[in-house]
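Colleague: Okay, handing you the structure first.
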Amino acid sequence: MPGRLILRRPSPTTVSFTVSNASRHTSTAAKALFYLQILLRVLALVCVLLLDIAKFRHSLFLQDGSWIRWTTMWSSSMGSSVCRVADAYSSPVVVLASTVVIYGVFRKGYTEESLLVIRGLGIQTSTSSQTYLSKASTRFIPTTQIQDIVIHEAFKGFEVRFYLAVIVKGESEVVVVFPKLLPNRQILEEVWRGSRRCLYDSKS
Amino acid sequence: MPYNIAMVSDFFFPQPGGIESHIYQLSTKLIDRGHKVIIITHAYKGRTGVRYLTNGLKVYHVPFFVIYRETTMPTVFSFFPIFRNIVIREQIQIVHGHASLSSFCHEAILHARTMGIRTVFTDHSLFGFADAASILTNKLLKFILSDVDHVICVSHTCKENTVLRASLDPLMVSVIPNAVVAENFHPSEPPSVPRNMGPTDIITIVVISRLFYNKGTDLLIAAIPRILASHPNVRFIIAGNGPKAIDLEQMLERNVLQDKVEMLGSVRHEEVRDVMVRGHIYLHPSLTEAFGTVLVEAASCGLYVVCTRVGGIPEVLPQHMTTFAKPEEDDLVLATGKAIAALRSNKVRTDRFHDQVKMMYSWTDVAHRTERVYNGISGDISPEEFYGYYPGQDWEAGRDRVRSFALIDRLKRYYGCGVWAGKLFCLCVVIDFLLYVFLEMWFPRANIDMARSWPRKLNQKENNRLAIASKNDRLGPAS
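So the sequence lines, in the order shown, correspond to chains A and B.
Each residue of the first sequence is one higher than the last, beginning at -1 in the numbering used here.
Each residue of the second sequence is one higher than the last, beginning at 14 in the numbering used here.
This is the structure we're talking about:
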């Protein structure tokens, strides 16, 4: 899905460009789908956790805990059916399957990358993480270290793509802004103009 | 009408050489004439990605596997996805391939025809017909050229060779020679003063060539001791490097000629002139040569040229600038002796060479003639005008020469290449076509970003017109 640009300008000397390929949830159906997705994720997580606990009930969850009574739980009708399913598979299979499902539950369905420009201070690039559990990776470059901001082309896979790059003083490699999404030229040109105006143009 | 042209070749800067500078000079002159030109070549060490040269000449250094003497692996189809991407984003209308040993160029021409783009091929070299490597190359050339729109050769000998190798229609082959930038190759002294040579003055012979077998280095190794033995006041300067350099050095050591022969190693192209002006005679012992740009450069520097009568060399320079030899040891020694004698008797006006060469060769002229070829294949001038009109002949000029892009017509042309080869080539073309259809679905055209063109510099005429127009504007309201 091609990325779209979101421009925020909280003050005249600050501007933030965000490129994201997340869907916008404008229509009612899309909103409903979005909440349904959250519900499904929670449900899947609960199921997997329950299955895992059932699998390892003999080693870890045998005695009654302080607030959950495991023994009564395993003897109930739902508990016994979960136990039957868990016992049908060997433990490596269960561990592997639950890892995959947990990863799927916490995986983000979109990528969001942003460039924050603050005059007199510097710029910060950030790329959203793949899962909800980890933080976004960011990089801050102070104004004194910015040599230039350029748009250039490079080979990527079977294509030639445009990219926006910050040339940092004293570093042999440039810092690529929006490295994962690599938005199209029009977006890049808008970001390039906006960030240069914010960084260097004293009038605005 | 301005075109968007892609020059494709394995050979480009930073590697030095004749083809490389040909592509560069032709491209810059075409840009001056208002066209948009990009160059597609493979990645060299330390030079990858997209680069810009002077005048907004854009170079794509495509990362690719190099096998032998900077030639890429012939993989037929693997270049197609990236080539298609470049062609679409640059809106290319004409693909111009260079050099018959470059697999990059062959593949590009094949894919360009599949994509429905006009193609031109420039042949820079001569080939034999006998040995295995030549037979293979010739078959490959026949494959590619059976569907190309037009071929350019650098000399008439080269044209003859190419027409025979690829069984082409001779009218589809044009001859456009190389040229030199005469300003970069001017003689050291002011040109009006004739050089007077005494009988004991030192005469320096310059040799600048890559030291490979086909450049006649063996001939040179055999001839140098004999020339030096019979002419004591002669010195040699040899520039260039290659596998034969070691043989040359052994010869110097065997005959103790180190004080008379100076070996410079490889020189950069911009230093060639400085080496040339140190000498009086340029010796070119090449065994095969399609054109020999270096001869023009030498003559432009005011050197008398001794060369072998092979390939396209006899076409390059007029009689009074050269002494020809057969490509054998005895004749080369004899011809060099003749040249030395001619210089000693002050019969040769080498001081006039520069201006004469300047009149004969210019890149602007080459670009002009190449542009006519582009016009011809794009249909901007009629086939009758382009291929010539022959009244009374029973064929039409443009009947078979304007090549349609229909797959069936292309297959017909390839099928005629040979009993087995024809079928193999047809298979390749069909696969190429299917690959194209697949790529159109997988990487749709709409998703490819168009590249911006370099802002075009106005030429002199347009500049003047604009200046006049703005002056009129300024005068208008006041009057």
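In this text, a Cβ means the ideal position worked out from N, Cα and C, and glycines have one as well.
Just checking: is the beta-carbon of A86 of chain A within a distance shorter than 8 Å of some beta-carbon in chain B?
Modeller: The sequence position of residue 86 of chain A within the first sequence is 88, counting from 1. So, not an interface residue.
Colleague: Report yes or no: do the stretch 310 to 319 of chain B and the stretch 279 to 294 of chain B share at least 3 C-beta pairs separated by less than 8 Å?
Modeller: These segments touch.
Colleague: Measure from the C-beta of R102 of chain B to each C-beta in chain A and report whether the shortest distance is under 8 Å.
Modeller: Within the second sequence, the letter at position 89 stands for residue 102 of chain B. Answer yes: the Cβ-Cβ gap between R102 of chain B and chain A drops below 8 Å somewhere.
Colleague: In angstroms with no decimal places, state the Cα-to-Cα distance between H163 of chain B and V443 of chain B.
Modeller: Here residue 163 of chain B refers to the residue found at position 150 when the second sequence is read from its first residue. Here residue 443 of chain B refers to the residue found at position 430 when the second sequence is read from its first residue. If you take the alpha carbons of H163 of chain B and V443 of chain B, they lie about 22 Å apart.
Colleague: Name the chain B residues that come within less than 9 Å of N182 of chain A, Cβ to Cβ?
Modeller: Residue mapping note: residue 182 of chain A aligns to position 184 of the first sequence, counting from 1. Per Cβ cutoff of 9 Å: N460, D462.
Colleague: To be precise: take each residue of the stretch 62 to 76 of chain B, compare its Cβ to all Cβ atoms of chain A, and keep it if any distance is under 8 Å. Which residues remain?
Modeller: Those residues of the stretch 62 to 76 of chain B that come within reach of chain A (Cβ to Cβ, closer than 8 Å) are G62, V63, Y73, V75, P76.
Colleague: Closest Cβ-Cβ distance between P94 of chain B and chain A: below 8 Å?
Modeller: Sequence index remark: in the second sequence, residue 94 of chain B carries index 81 (1-based). Yes, P94 of chain B counts as interfacial toward chain A.
Colleague: At a Cβ threshold of 8 Å, is G411 of chain B touching chain A?
Modeller: To locate residue 411 of chain B, count along the second sequence from 1; it is residue 398. Note that G411 of chain B scores 48 on pLDDT, short of 50, meaning its location in the model is unreliable and no value can be drawn from it.
Colleague: What did DSSP end up calling G411 of chain B once you bin it into helix, strand or coil?
Modeller: Numbered from 1 along the second sequence, position 398 holds the residue referred to as residue 411 of chain B. Below a pLDDT of 50, predicted positions are generally treated as unreliable, and G411 of chain B, at 48, falls in that range; the measurement from the model is reported next regardless. Reduced to three states, the DSSP call for G411 of chain B is coil.
Colleague: Is F32 of chain A a contact residue of the ligand COA, with contact defined as CB to any heavy atom under 7 Å?
Modeller: Among the components of this structure there are no ligands whatsoever, and the ligand COA is therefore not found.
Colleague: Closest to A236 of chain B by CA distance: which of B:A338, B:E384, B:L424, B:M185 is it?
Modeller: Position 223 of the second sequence, counted from the first residue, corresponds to residue 236 of chain B. When each option's Cα is compared against that of A236 of chain B, the closest is B:A338.
Colleague: Quick one: list the residues of chain A neighbouring I99 of chain B, beta-carbon separation under 7 Å, in chain order.
Modeller: For the purposes of this step, residue 99 of chain B is taken as the residue at position 86 of the second sequence. What I99 of chain B touches in chain A: V158.
Colleague: Tell me the rounded alpha-carbon separation between I4 of chain A and V13 of chain A.
Modeller: As a position in the first sequence, residue 4 of chain A is number 6, starting the count at 1. As a position in the first sequence, residue 13 of chain A is number 15, starting the count at 1. Distance between the alpha carbons of I4 of chain A and V13 of chain A is about 11 Å.
Colleague: For E151 of chain A, which residues in chain B fall below 8 Å Cβ to Cβ?
Modeller: Numbered from 1 along the first sequence, position 153 holds the residue referred to as residue 151 of chain A. Neighbours of E151 of chain A on chain B, chain order: G62, V63, A464.
Colleague: Looking only at its chain, what residues have a beta carbon closer than 7 Å to the beta carbon of K351 of chain B, apart from the 5 residues adjacent to it on each side?
Modeller: The residue given as residue 351 of chain B occupies position 338 in the second sequence. Hits under 7 Å: T336.
Colleague: Is the beta carbon of V173 of chain A less than 8 Å from the beta carbon of Y161 of chain A?
Modeller: Sequence index remark: in the first sequence, residue 173 of chain A carries index 175 (1-based). Sequence index remark: in the first sequence, residue 161 of chain A carries index 163 (1-based). No, the pair does not count as a contact, with Cβ atoms beyond the cut-off.
Colleague: What is the rounded straight-line gap between the Cα of T70 of chain A and the Cα of I51 of chain A?
Modeller: The residue labelled residue 70 of chain A in the question sits at position 72 within the first sequence. The residue labelled residue 51 of chain A in the question sits at position 53 within the first sequence. If you take the alpha carbons of T70 of chain A and I51 of chain A, they lie about 14 Å apart.
Colleague: Are A242 of chain B and V370 of chain B close, meaning C-beta to C-beta below 8 Å?
Modeller: Position 229 of the second sequence, counted from the start, is the residue given in the question as residue 242 of chain B. Position 357 of the second sequence, counted from the start, is the residue given in the question as residue 370 of chain B. Not closer than 8 Å, so no.
Colleague: What does the Cβ neighbour count give for K425 of chain B, buried or exposed, with the cut at 16 atoms within 10 Å?
Modeller: As a first step, residue 425 of chain B must be located in the second sequence, where it is residue number 412. Exposed.
Colleague: Grab the span of the alpha helix (DSSP H) containing N209 of chain B for me, first residue to last.
Modeller: Taking the second sequence and counting its residues from 1, the one referred to as residue 209 of chain B is at position 196. Premise fails: N209 of chain B is in no alpha helix (DSSP H) and is neither H nor E.
Colleague: To the nearest angstrom, how far is it from the Cα of Q38 of chain B to the Cα of I107 of chain B?
Modeller: The residue you call residue 38 of chain B lines up with position 25 of the second sequence. The residue you call residue 107 of chain B lines up with position 94 of the second sequence. Rounded to whole angstroms, Q38 of chain B to I107 of chain B spans 18 Å at the Cα level.
Colleague: Just checking, does the stretch 296 to 312 of chain B make contact with the stretch 132 to 143 of chain B on the three C-beta pairs under 8 Å criterion?
Modeller: The stretch 296 to 312 of chain B vs the stretch 132 to 143 of chain B: in contact.
Colleague: Find the nearest neighbour of V63 of chain B within the set A:D199, A:R159, A:P177, A:E188, judged by alpha-carbon distance.
Modeller: For the purposes of this step, residue 63 of chain B is taken as residue 50 along the second sequence, with counting starting at 1. Of the listed residues, the one whose Cα sits closest to V63 of chain B is A:R159.
Colleague: Starting from the Cα of I421 of chain B, find the closest Cα among B:F446, B:E398, B:Y400, B:F399 and give me that residue.
Modeller: Within the second sequence, the letter at position 408 stands for residue 421 of chain B. Out of B:F446, B:E398, B:Y400, B:F399, B:F446 has the C-alpha closest to the C-alpha of I421 of chain B.
Colleague: Under 8 Å, with one C-beta from each stretch per pair, do the stretch 172 to 179 of chain B and the stretch 208 to 220 of chain B reach the 3-pair mark?
Modeller: Short answer: they don't touch.
Colleague: Any idea what DSSP makes of K49 of chain B, helix, strand or coil?
Modeller: Translated into the one-based positions of the second sequence, residue 49 of chain B becomes position 36. Here K49 of chain B sits in strand by DSSP.
Colleague: For S146 of chain A, write down the residues that DSSP places opposite it in a beta bridge.
Modeller: Within the first sequence, residue 146 of chain A is the residue found at index 148, counting from 1. One detail in the question is off: residue 146 of chain A reads as Asp in this sequence, not Ser. A:I165.
Colleague: Evaluate I144 of chain A with the Cβ neighbour count: other Cβ atoms within 10 Å of its Cβ, from every protein chain shown; 16 or more gives buried, anything less gives exposed.
Modeller: Against the first sequence, residue 144 of chain A aligns to sequence position 146. So I144 of chain A ends up on the buried side.
Colleague: Measure from the alpha carbon of T54 of chain B to the alpha carbon of each residue in B:A311, B:I99, B:L149, B:T127, then state which is nearest.
Modeller: For the purposes of this step, residue 54 of chain B is taken as residue 41 along the second sequence, with counting starting at 1. The option with the nearest alpha carbon to T54 of chain B is B:I99.
Colleague: Do H48 of chain B and H199 of chain B come within 8 Å of each other at the CB atom, strictly closer than that value?
Modeller: For this step, residue 199 of chain B is matched to residue 186 along the second sequence. For this step, residue 48 of chain B is matched to residue 35 along the second sequence. No.
Colleague: Let me check understanding here. Comparing Cα to Cα, which of A:T109, A:F138, A:G120, A:G155 lies closest to Y198 of chain A?
Modeller: Mapped onto the first sequence, residue 198 of chain A falls at position 200. Of A:T109, A:F138, A:G120, A:G155, the residue nearest in Cα terms is A:G120.
Colleague: So, do the stretch 13 to 30 of chain A and the stretch 109 to 120 of chain A have three or more beta carbon pairs nearer to each other than 8 Å?
Modeller: With a cut-off of 8 Å, the stretch 109 to 120 of chain A and the stretch 13 to 30 of chain A count as touching, because enough Cβ pairs lie within range.
Colleague: What separation, rounded to the nearest whole angstrom, lies between the Cα atoms of R365 of chain B and Q332 of chain B?
Modeller: Here the question's residue 365 of chain B lines up with position 352 in the second sequence. Here the question's residue 332 of chain B lines up with position 319 in the second sequence. Answer to the nearest angstrom: the Cα atoms are 14 Å apart.
Colleague: How big is the Cα-Cα spacing for V309 of chain B and E283 of chain B?
Modeller: The sequence position of residue 309 of chain B within the second sequence is 296, counting from 1. The sequence position of residue 283 of chain B within the second sequence is 270, counting from 1. Computed Cα separation, rounded: 15 Å.
Colleague: For the stretch 16 to 23 of chain B and the stretch 180 to 194 of chain A, state whether three or more C-beta atom pairs, one from each stretch, are separated by less than 8 Å.
Modeller: Counting Cβ pairs under 8 Å, fewer than three are found: no touch.
Colleague: How should A112 of chain B be labelled, buried or exposed, when 16 other C-beta atoms within 10 angstroms of its C-beta is the threshold for buried?
Modeller: To locate residue 112 of chain B, count along the second sequence from 1; it is residue 99. Buried is the call here.
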